[in-house]
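Numbering (our numbering), first residue to last: 662 to 1099. Data first, discussion second: the structure below is written as structure tokens.
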Amino acid sequence: MNASLSSARDHVRIGLLGCGHVGAALALLIVERRTAVARRQGLDLEITRIAVRNTAIDRGVPVDTDTFTTDAAAVVADPNVDVVVEVMGGIEPARELIMAALSAGKPVVTANKELLANCGAELYSLAADNGVDLLFEAAVAGAIPIMRPLRESLAGEPIRRVMGIVNGTTNFILSRMTEDGASYADALAEAQSLGYAERDPTADVEGYDAGAKLAIMATIAFGVRVVAGDVYHEGISGISVADIEFAADLKHCIKLLAVAEQTTGDDGELRVGVRVHPTLVPLDHPLASVNGSYNAVFVEGEAAGDLMLYGRGAGGRPTASAVLGDLIDAAANLRRGSAPVVGTLERALIAPIDDVTSAYYLNLEVDDRSGVLAAVAAVFGEHGVSIRSMEQEGLGSEARLVFITHDACERDVRSTLSELRSLEAVRAVGSVLRVISN
Ligand SMILES: NC(=O)c1ccc[n+]([C@@H]2O[C@H](COP(=O)([O-])OP(=O)(O)OC[C@H]3O[C@@H](n4cnc5c(N)ncnc54)[C@H](OP(=O)(O)O)[C@@H]3O)[C@@H](O)[C@H]2O)c1
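The following block contains the structure:
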């Protein structure tokens, strides 16, 4: 059963689930943009119900106090709600509420990356079965329009790889370490004091937040079901200022990249590799110029070539802007009785991390004596890992060899490392990071 814009034909009554950073910014934006949206899109947007946990808090939004309720299910079921916007976050009760809205034929707009990265497929499928929109531009990279281009503009494009800087906290920390030589601990403390990082920064610095966004992007880019648990993670807490300086000497910077790529396995089946890890990015690559808390997504298409979208990845107002765009789309589709849907997706075959092919940066602490370089190079050769460039740094107890390899299979690099660790002349294997090429 499809809902429709019931009262006046183009009057869109919105049920808002959550009125925190994003919800309150959206409520303000809807009031600010109401006249312009009515003029340009012919839609009169109005928030008729808002669900929150605590109705006593003044949220500074220009709606009547009796618009607020703690009964979120009643907002979804209200016949005076045409479109549901979910900005409460978390899995439950958001999942059940969205399912109830879709089952009632009401379009849903959500910014909830955690929910979509874990339960997206069942929700996309329910939206398709009910012929209604489930739109989620704001769930990945805040204000940056990436979901609609992947879903619509690039629908006919065979996409090879999507790479994103999709976590502003880690990008801010790495930028501070790069630009000012700040230590990881100092840069993290500054991010916390500016409100960019949570008191417990694990989800950001260990790559889980970026991994959830990557699962959603990979699902839409490759048309198969990828969940957060499929994503391989390495965080940035082990990155030192020395790594950043060595990378700079090699004309690279270090970024936390979320990478999704499609490859063909030995059996001829398509596989999706999804990983989040610190990465050496050449200084002349467009992603190298994405600094501070900004985000960007870089798409490599077979026919379209390379594309990059850049902008604010978080913050109440930028995120609310993406939600408003979806809301206008959902309302316009409701008016014309159509809904572009993701549909039912098959489970992706996930490429194991051992099968990933990449160039690598390796940093070895070695004895400062003759014959060491030859012994180390021989180990690389035995495992079929070829060296693209090598730098010798420091003397005596500070002596290091810094390598960048040609593309090699992760499995071969791991066996190279394990043999290097057993060489007497290698005192320690420092950072090992993947490198992207132009
Ligand atoms: N903030 C960003 O920059 C950003 C960027 C991209 C995406 N997102 C996503 O947007 C969503 C919202 O984020 P946010 O930063 O706005 O969160 P937030 O500030 O914590 O706001 C959450 C809102 O939901 C309400 N709420 C939570 N559970 C509820 C329940 N069971 N019943 C009724 N109301 C409930 C809260 O009510 P009370 O206020 O009464 O507690 C609050 O108003 C999340 O999914 C987040 O991942 C956020």
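Glycine is no exception: its CB is placed at the ideal position from the N, C-alpha and C atoms.
Query: N1024 in three-state terms, based on DSSP; Result: strand
Query: Touching by the beta-carbon criterion (3+ pairs, under 8 Å), the region 793-811 and the region 968-976; Result: yes
Query: Limits of the unbroken alpha helix (DSSP H) element including A921; Result: Counting along the chain, A921 falls outside any alpha helix (DSSP H), though it belongs to the beta strand (DSSP E) covering 913-925.
Query: Cβ-Cβ distance between V1103 and V683 below 8 Å; Result: Residue 1103 is absent from the model: the chain starts at 662 and stops at 1099.
Query: First and last residue of the uninterrupted beta strand (DSSP E) at G966; Result: 966-973
Query: Own chain residues within Cβ distance below 7 Å of L796, not counting five before or after; Result: V770, D987, D990, A991
Query: Helix, strand or coil at C637 [DSSP, three-state]; Result: Any answer about residue 637 is impossible in this case: the structure gives the chain only from 662 up to 1099.
Query: Residues of its chain near R677, where Cβ-Cβ distance is below 6 Å and the 5 sequence neighbours each way are ignored; Result: For clarity, residue 677 is Leu in the given sequence; the question names Arg instead. Closer than 6 Å at Cβ, skipping near neighbours: G684, I708, I711, V746.
Query: Any non-hydrogen atom of ligand 1 closer than 7 Å to M824 Cβ; Result: no
Query: Beta-carbon contacts of L1010 that lie in its chain and below 6 Å, excluding the five residues immediately before and after; Result: E930, R932
Query: Exposure of S1098, with buried meaning 16 or more beta-carbon neighbours within 10 Å; Result: exposed
Query: Beta bridge counterpart(s) of E1054 as assigned by DSSP; Result: R1061
Query: Buried or exposed by the 16-neighbour rule on C-beta atoms within 10 Å, applied to E1085; Result: exposed
Query: CB contact flag (I675, L704, <8 Å); Result: no
Query: Segment contact flag, the region 1054-1072 with the region 998-1007, C-beta cutoff 8 Å, min 3 pairs; Result: no
Query: Endpoints, the alpha helix (DSSP H) within which G977 is located; Result: 977-997
Query: Residue span of the alpha helix (DSSP H) that contains A799, given as start and end; Result: Counting along the chain, A799 falls outside any alpha helix (DSSP H), and DSSP gives it neither H nor E.
Query: Nearest-angstrom Cα separation, counted from T731 out to A1020; Result: 53 Å
Query: Ligand 3 heavy atom lying under 7 Å from the CB of T980; Result: In terms of ligand content, the structure shown lacks ligand 3 and carries ligand 1 instead.
Query: Cα-Cα separation, M760 to D671; Result: 25 Å
Query: Host alpha helix (DSSP H) of Y955 (start-end); Result: No alpha helix (DSSP H) contains Y955, which is instead part of the beta strand (DSSP E) from 955-962.
Query: T863 beta carbon near ligand 1 (any heavy atom closer than 7 Å); Result: no
Query: The region 874-881 contacting the region 1033-1049, beta-carbon criterion three pairs below 8 Å; Result: no
Query: Beta-carbon proximity check, M824 vs L941, cutoff 8 Å; Result: no
Query: Within 8 Å, strictly: CB atoms of G750 and N779; Result: no
Query: Through-space distance from T839 to F729, alpha-carbon basis; Result: 46 Å
Query: CB contact check: V793 to chain C, cutoff 8 Å; Result: This model lacks chain C altogether, as it is built from one protein chain only.
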